Amino acid sequence: GEVIVHTPVSTRHNDVMWFLGTLLNMFVSHHGLGRVYGPELQVRLRPGLRRVPDLLFVTKARTEIIHERHVEGAPDLVIEIVSPESVVRDWREKYFEYEAAGVQEYWVIDPQTRRMDAYRLPDEGRYTTVPFEEGVYRSQAVPGFWLRPDWLWQDPLPNVLDTARKLGIL
Numbered sequence: 002g003e004v005i006v007h008t009p010v011s012t013r014h015n016d017v018m019w020f021l022g023t024l025l026n027m028f029v030s031h032h033g034l035g036r037v038y039g040p041e042l043q044v045r046l047r048p049g050l051r052r053v054p055d056l057l058f059v060t061k062a063r064t065e066i067i068h069e070r071h072v073e074g075a076p077d078l079v080i081e082i083v084s085p086e087s088v089v090r091d092w093r094e095k096y097f098e099y100e101a102a103g104v105q106e107y108w109v110i111d112p113q114t115r116r117m118d119a120y121r122l123p124d125e126g127r128y129t130t131v132p133f134e135e136g137v138y139r140s141q142a143v144p145g146f147w148l149r150p151d152w153l154w155q156d157p158l159p160n161v162l163d164t165a166r167k168l169g170i171l
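Here the sequence shown is numbered in the numbering used here, starting from 2 and rising by one per residue.
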């Protein structure tokens, strides 16, 4: 395989990743749904194909795929925060890789363009777009978790504890 070193992320990318990761981890922990990791854990999608998503979730029923230094196979949810240098990789390459590997939900968040798309993998094995209803995306991979993308476009980002209360965590 080939090792590719990527440009360090921006502070905005990092802020969005930690904000969302904190909310997701609090929600998953509160409801005992599984495990949240990111951004340094490697995912082995198939032999020869490895990715390091910004955030990932594995349901409690599938924790056997979690190893000390990697996840073996498809997480239930992968979230990628787009950087200027990762646009094609996040929107195209990873979309098809995660779909082929069986990642049940894939969220792509671009703070620069203020765009978020969420995809779900039905039984047919081709991603479909998650409905964006009333300003919210609702996850099926993480039952009960929802996200208002407008939160991610605010500068500064909303207070994470206030947002956790809106999600019913606190």
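Every residue gets a Cβ at the ideal spot worked out from N, C-alpha and C, and that includes glycine. Note that this is a predicted model, so its numbers are computed, not measured.
Do the segment 60-79 and the segment 33-48 make contact, defined as three or more Cβ pairs closer than 8 Å?
yes
Would you mind sorting PRO167 into buried or exposed? The rule is 16 or more other CB atoms within 10 Å of its CB.
The residue labelled residue 167 in the question sits at position 166 within the sequence shown. At residue 167 the sequence reads Lys, which differs from the Pro that was named. The residue in question, LYS167, is exposed, as its Cβ has fewer than 16 Cβ neighbours within 10 Å.
How many Å lie between GLU81 and TRP108 at the Cα?
Here residue 81 is taken as the residue at index 80 of the sequence shown, counted from 1. Here residue 108 is taken as the residue at index 107 of the sequence shown, counted from 1. Using only the alpha carbons, I get a separation of about 6 Å.
Closest by C-alpha distance to VAL104, when choosing among PHE146, THR114, VAL10, LEU78:
Taking the sequence shown and counting its residues from 1, one reaches residue 104 at position 103. If we check each option's Cα against that of VAL104, LEU78 comes out closest.
Answer yes or no: do THR64 and GLY39 have a C-beta to C-beta separation smaller than 8 Å?
Indexing the sequence shown from 1 puts residue 64 at position 63. Indexing the sequence shown from 1 puts residue 39 at position 38. No, they are not a contact pair.
Rounded to whole angstroms, what's the CA-CA distance from TYR96 to ARG139? Just pull it up for me.
Along the sequence shown, one-based indexing puts residue 96 at 95. Along the sequence shown, one-based indexing puts residue 139 at 138. Computed Cα separation, rounded: 19 Å.
Rounded to whole angstroms, what's the CA-CA distance from ASP163 to PRO150? Just pull it up for me.
Position 162 of the sequence shown, counted from the start, is the residue given in the question as residue 163. Position 149 of the sequence shown, counted from the start, is the residue given in the question as residue 150. Roughly 15 Å between the two C-alpha positions.
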